Amino acid sequence: MPPIAAIIILYGLGLTASMQVGLIGPIAPDLRAGFGLSQAEFGLVASLITAAGALTAIPTGVWAARAGLRKSLVLGCIMMIAGATIFATANVATMLYVGRLVTSIGYLLIVVGAPSWMAGFNNPKLVAMAMAIWGTFIPVGIAMGNWVSAAMVVWLDWRLAVAACTVPVVILLPLLAMMEKPAVSTVRKSLIVGVMGVLKSRAALQVALTFSAFAGATSAALAFMPAMLADQLDIGIALAAGIIGTTAIAGNIVGSVGAGMVLGRDVSGRAILILFLPIMSVAIGTLFISTSMSLSIAALIIFNICQGAVAGTCFALLPAIAKGGLSMPALQGMLAQFAEVFVVIVPPITGAMIDQDGWAGAALVLSGFYFAGFLISVGKSPLRRLASRPAN
Numbered sequence: 090m091p092p093i094a095a096i097i098i099l100y101g102l103g104l105t106a107s108m109q110v111g112l113i114g115p116i117a118p119d120l121r122a123g124f125g126l127s128q129a130e131f132g133l134v135a136s137l138i139t140a141a142g143a144l145t146a147i148p149t150g151v152w153a154a155r156a157g158l159r160k161s162l163v164l165g166c167i168m169m170i171a172g173a174t175i176f177a178t179a180n181v182a183t184m185l186y187v188g189r190l191v192t193s194i195g196y197l198l199i200v201v202g203a204p205s206w207m208a209g210f211n212n213p214k215l216v217a218m219a220m221a222i223w224g225t226f227i228p229v230g231i232a233m234g235n236w237v238s239a240a241m242v243v244w245l246d247w248r249l250a251v252a253a254c255t256v257p258v259v260i261l262l263p264l265l266a267m268m269e270k271p272a273v274s275t276v277r278k279s280l281i282v283g284v285m286g287v288l289k290s291r292a293a294l295q296v297a298l299t300f301s302a303f304a305g306a307t308s309a310a311l312a313f314m315p316a317m318l319a320d321q322l323d324i325g326i327a328l329a330a331g332i333i334g335t336t337a338i339a340g341n342i343v344g345s346v347g348a349g350m351v352l353g354r355d356v357s358g359r360a361i362l363i364l365f366l367p368i369m370s371v372a373i374g375t376l377f378i379s380t381s382m383s384l385s386i387a388a389l390i391i392f393n394i395c396q397g398a399v400a401g402t403c404f405a406l407l408p409a410i411a412k413g414g415l416s417m418p419a420l421q422g423m424l425a426q427f428a429e430v431f432v433v434i435v436p437p438i439t440g441a442m443i444d445q446d447g448w449a450g451a452a453l454v455l456s457g458f459y460f461a462g463f464l465i466s467v468g469k470s471p472l473r474r475l476a477s478r479p480a481n
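In our numbering, the protein residues as written are 90 to 481.
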C-alpha cells in the first residue's frame with residue numbers, strides 16, 4: 090500500500106477518534122434533559138473520553154512500541170466500537186460514564202499508535218507532511234462530530250448520533266490489515282526505561298505541558314460551544330454546530346498549513362507557540378461573552394486559525410525530540426497523558442463556572458488556561474535549540 094494511502098487511513102482513524110469528542114456538544118441538551126445532568130455532570134461525561142490517557146498514556150505508548158502498532162490500533166478500534174455501543178444504549182447516567190471510559194481506551198490507543206506509525210516512514214519529507222496533517226485531526230474530527238451529531242439529533246435521535254460518529258472506524262478497521270507493517274525508528278525499551286526516558290526530557294516536558302493547557306481548554310470550549318452560541322446568539326443548535334464546524338475546518342487547515350510552511354525556515358516552533366497562544370486566550374474570551382453574530386464569527390475564525398497553528402507545531406516538534414534516542418510512541422503517550430489529565434479536569438471546572446457565573450465564567454476559565462500555555466512555552470528550555478524540522 091502506498092504511504093499516502095496509509096496516511097489517509099491513519100488520519101481517518103484520528104478523525105473518528107476526535108468525532109467522539111465532537112459529538113457531545115450537540116446532544117448536550119438531550120443528555121441533560123434525559124438523564125437529569127447538571128452542567129458540571131455533563132462536563133464529566135464530555136471529559137471522560139480521555140480518562141484512560143490521563144492515567145496510562147505514557148506506559149501505553151511504551152507498550153504499543155513493544156506489542157506492535159498494528160495490534161494496538163486494531164485493539165483501539167474494537168474498544169472504540171464497544172464504548173460507543175455502551176454509551177448509545179445507556180438508560181442510566183452511570184452507563185454513560187462507563188461507555189465513555191471504554192471509548193477512552195480506544196481513543197488513547199489510536200492517538201498514540203497512528204502518529205507513531207506515520208513517524209516511521211523512511212522519507213523525511215513525508216514524515217513532515219504526515220505530522221503536519223496529523224496536527225489537524227483533533228479540531229477537524231471534532232468539527233465533523235459536531236456536524237454529524239447535530240444533523241442526527243435534529244432529525245432522528247441522540248443515540249443514532251453516537252452510532253453515526255462511530256461508523257467510520259468500522260469501515261477503516263479492515264483496511265489496517267492491508268497496510269504494510271510500520272518501521273518504527275525506536276528501540277523497544279522496557280516499560281520503566283521507556284517511561285523514565287521521556288519524563289527526563291526537558292524539551293518533551295515543555296511541549297507536553299504547553300499542549301496540556303491548550304488541549305484541556307480546547308476540549309472544554311468545544312464541548313460547551315454549540316449550546317453557548319445557540320444561547321448567546323439566539324440560534325438553533327444545528328446552525329450553531331454548522332458555524333463551528335465550518336470555521337473549525339477552514340481555520341485549522343489555514344493555521345496548520347501556515348505553521349508547517351514557516352517551520353524549518355528559521356522560525357522556531359517555540360516562537361509560533363508564543364505568538365498564537367495569547368491570541369487564542371483573547372479570542373475565546375471574546376467569543377464566550379459576545380452576543381454579536383459578526384463579532385462571534387470573527388473571534389471563532391481567529392480561534393480556529395490559532396488552534397491549527399498550536400496543535401500542528403506541538404506535534405511537529407516531537408520527531409525532533411525523538412532524535413535524542415527517545416521512543417516516539419512513548420513521546421506521543423506523554424503528550425496524550427499530560428493533555429488528557431487537563432481534558433478530564435477542565436470541562437467539569439468550566440461547567441461549574443457556567444452553573445455559577447454563566448458564559449462569562451467559562452470565558453474566564455478558558456482564557457486563563459490558554460494564557461497558562463503561553464507562560465509555559467515562553468520559559469527557558471531546550472526547545473529554543475531544537476531544529477524546527479520534524480526530521481532530517
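From the three backbone atoms N, C-alpha and C, an ideal C-beta is built for every residue, glycine too.
Model, not experiment: these values are computed from the prediction.
### the segment 150-168 in contact with the segment 107-124 per 3-pair CB rule at 8 Å
no
### Message
Tell me which residues share the same chain as residue 341 and place their Cβ nearer than 7 Å to its Cβ, disregarding the 5 neighbours each side in the sequence.
### Response
As a first step, residue 341 must be located in the sequence shown, where it is residue number 252. Counting only Cβ-Cβ distances below 7 Å, and skipping sequence neighbours, we find 225, 228, 229, 393, 396 and 397.
### Query
Is residue 436 buried or exposed, if buried means 16 or more other CB atoms sit within 10 Å of its CB?
Counted from its first residue, the sequence shown places residue 436 at position 347. It is buried - the Cβ of residue 436 has at least 16 other Cβ atoms within 10 Å.
### Task
Tell me, please, whether the segment 447-463 touches the segment 323-339 by the rule of three or more beta-carbon pairs shorter than 8 Å.
no
### Query
What did DSSP end up calling residue 245 once you bin it into helix, strand or coil?
One-based indexing of the sequence shown puts residue 245 at position 156. In the displayed model, residue 245 falls within coil according to three-state DSSP, outside both helix and strand.
### Query
Any chance the segment 169-182 sits against the segment 140-150, with 3 or more Cβ pairs inside 8 Å?
no
### Query
residue 192 to residue 203, Cα distance in whole Å?
By 1-based counting over the sequence shown, the position of residue 192 is 103. By 1-based counting over the sequence shown, the position of residue 203 is 114. Computed Cα separation, rounded: 16 Å.
### Task
Under 7 Å Cβ to Cβ from residue 222, same chain only, skipping five residues before and after it: list those, please.
Taking the first residue of the sequence shown as 1, we reach residue 222 at position 133. Answer for residue 222: 96 and 100, listed in chain order.
### Task
Report the rounded CA-to-CA distance for residue 104 versus residue 219, giving the unit in angstroms.
Residue mapping note: residue 104 aligns to position 15 of the sequence shown, counting from 1. Residue mapping note: residue 219 aligns to position 130 of the sequence shown, counting from 1. Computed Cα separation, rounded: 14 Å.
### Message
So the candidates are 348, 303 and 336; which of them puts its Cα closest to the Cα of residue 428?
### Response
Locating residue 428 in the sequence shown gives position 339, counting from the first residue. Considering only alpha carbons, the answer is 303.
### Task
Look up residue 269 in the DSSP assignment and say whether it is helix, strand or coil.
For the purposes of this step, residue 269 is identified with residue 180 of the sequence shown, where counting begins at 1. Residue state, collapsed to three classes: coil.
### Task
Label residue 30 either buried or exposed according to how many other C-beta atoms from any shown protein chain fall within 10 Å of its C-beta, with 16 as the threshold for buried.
As shown, the chain starts at 90 and ends at 481. That puts residue 30 outside it, with no answer to give.
### Whether residue 373 touches residue 455 by CB criterion (7 Å)
Residue 373 sits at position 284 when you count from the first residue of the sequence shown. Residue 455 sits at position 366 when you count from the first residue of the sequence shown. Cβ atoms of residue 373 and residue 455: closer than 7 Å.
### Query
If we ignore side chains and look at the alpha-carbon of each, how far apart do residue 445 and residue 350 end up?
By one-based count along the sequence shown, residue 445 stands at place 356. By one-based count along the sequence shown, residue 350 stands at place 261. Cα to Cα, residue 445 sits roughly 43 Å from residue 350.
### Query
Apart from the five residues on each side of it in sequence, which residues of its chain come closer than 6 Å, Cβ to Cβ, to residue 375?
Translated into the one-based positions of the sequence shown, residue 375 becomes position 286. Cβ contact annotation for residue 375 (same chain, cutoff 6 Å, sequence separation greater than five): 388, in chain order.
### Query
Can you tell which of 370, 336 and 426 has its C-alpha closest to the C-alpha of residue 390?
As a position in the sequence shown, residue 390 is number 301, starting the count at 1. Per the Cα distances, 336.
### Coil, strand or helix - residue 296 by DSSP
Residue 296 sits at position 207 when you count from the first residue of the sequence shown. In the structure shown, residue 296 falls within a helical segment according to DSSP collapsed to helix, strand and coil.
#### Entry: Every unbroken alpha helix (DSSP H) within the segment 156-224, with a cutoff of 4 residues, ordered by chain
158-177, 182-207 and 213-223
### Task
Tell whether a beta-carbon distance below 7 Å holds between residue 334 and residue 235.
Position 245 of the sequence shown, counted from the first residue, corresponds to residue 334. Position 146 of the sequence shown, counted from the first residue, corresponds to residue 235. Taking 7 Å as the Cβ cut-off, residue 334 and residue 235 qualify as a contacting pair.
### Message
For a test of the three-state rule: what should DSSP assign to residue 108, helix, strand or coil?
### Response
As a working mapping, residue 108 is identified with position 19 in the sequence shown. Of the three classes helix, strand and coil, the one that applies to residue 108 here is helix, per DSSP.
### Query
When the Cα atoms are used, what is the spatial distance from residue 362 to residue 466?
The sequence position of residue 362 within the sequence shown is 273, counting from 1. The sequence position of residue 466 within the sequence shown is 377, counting from 1. Roughly 7 Å separates the two Cα atoms.
### Message
I believe residue 146 touches residue 201 by the beta-carbon criterion, under 8 Å. Please report the beta-carbon distance rounded to the nearest angstrom.
### Response
Within the sequence shown, numbered from 1, the residue matching residue 146 stands at position 57. Within the sequence shown, numbered from 1, the residue matching residue 201 stands at position 112. Yes, they are in contact, since the Cβ atoms of residue 146 and residue 201 sit about 7 Å apart, within 8 Å.
### Message
Classify residue 137: buried if its beta carbon has 16 or more other beta carbons within 10 angstroms, exposed otherwise.
### Response
Here residue 137 refers to the residue found at position 48 when the sequence shown is read from its first residue. That one is buried.
#### Entry: Inter-residue Cα distance where the pair is residue 407 and residue 399
Numbered from 1 along the sequence shown, position 318 holds the residue referred to as residue 407. Numbered from 1 along the sequence shown, position 310 holds the residue referred to as residue 399. Going by the C-alpha atoms only, they are around 13 Å apart.
### Task
Determine the closest residue to residue 141 out of 421, 190, 122 and 346, with distance taken between C-alpha atoms.
By one-based count along the sequence shown, residue 141 stands at place 52. It is 190 whose Cα lies nearest to the Cα of residue 141.
### Query
Going along the chain, which residues of its own chain have a beta-carbon closer than 6 Å to the beta-carbon of residue 321, five neighbours each way excluded?
The residue given as residue 321 occupies position 232 in the sequence shown. Within the same chain, residue 321 has close Cβ partners 380.
### Query
Nearest to residue 313 by CA position, among 451, 257 and 248, is which residue?
On the sequence shown, position 224 is the one that residue 313 refers to. Per the Cα distances, 451.
### Message
For a minimum of 4 consecutive residues, which ranges assigned as the alpha helix (DSSP H) are wholly contained in the segment 124-148?
### Response
128-136
### Task
Report the rounded CA-to-CA distance for residue 176 versus residue 430, giving the unit in angstroms.
Taking the sequence shown and counting its residues from 1, the one referred to as residue 176 is at position 87. Taking the sequence shown and counting its residues from 1, the one referred to as residue 430 is at position 341. Their Cα atoms are separated by approximately 22 Å.
### Task
Under 7 Å Cβ to Cβ from residue 127, same chain only, skipping five residues before and after it: list those, please.
Within the sequence shown, numbered from 1, the residue matching residue 127 stands at position 38. Here the set comprises 444.
### Query
Hey, out of 157, 464 and 442, whose CA is closest to residue 368's CA?
Locating residue 368 in the sequence shown gives position 279, counting from the first residue. The candidate whose alpha carbon is nearest that of residue 368 is 464.
### Task
Measure how close the beta-carbons of residue 154 and residue 418 come, nearest whole angstrom, since I'm counting them as under 8 Å.
For this step, residue 154 is matched to residue 65 along the sequence shown. For this step, residue 418 is matched to residue 329 along the sequence shown. Correct: roughly 4 Å between the Cβ atoms.
### Residue range of the alpha helix (DSSP H) that includes residue 380
Residue numbering aside, residue 380 sits at position 291 when the sequence shown is read from its first letter. Here residue 380 belongs to no alpha helix (DSSP H), and DSSP marks it neither H nor E.
### Task
Use the C-beta contact count for residue 384: other C-beta atoms within 10 angstroms, 16 or more gives buried, fewer gives exposed.
For this step, residue 384 is matched to residue 295 along the sequence shown. Exposed.
### Query
For residue 437, which of helix, strand or coil comes out of DSSP?
Residue mapping note: residue 437 aligns to position 348 of the sequence shown, counting from 1. Of the three classes helix, strand and coil, the one that applies to residue 437 here is helix, per DSSP.
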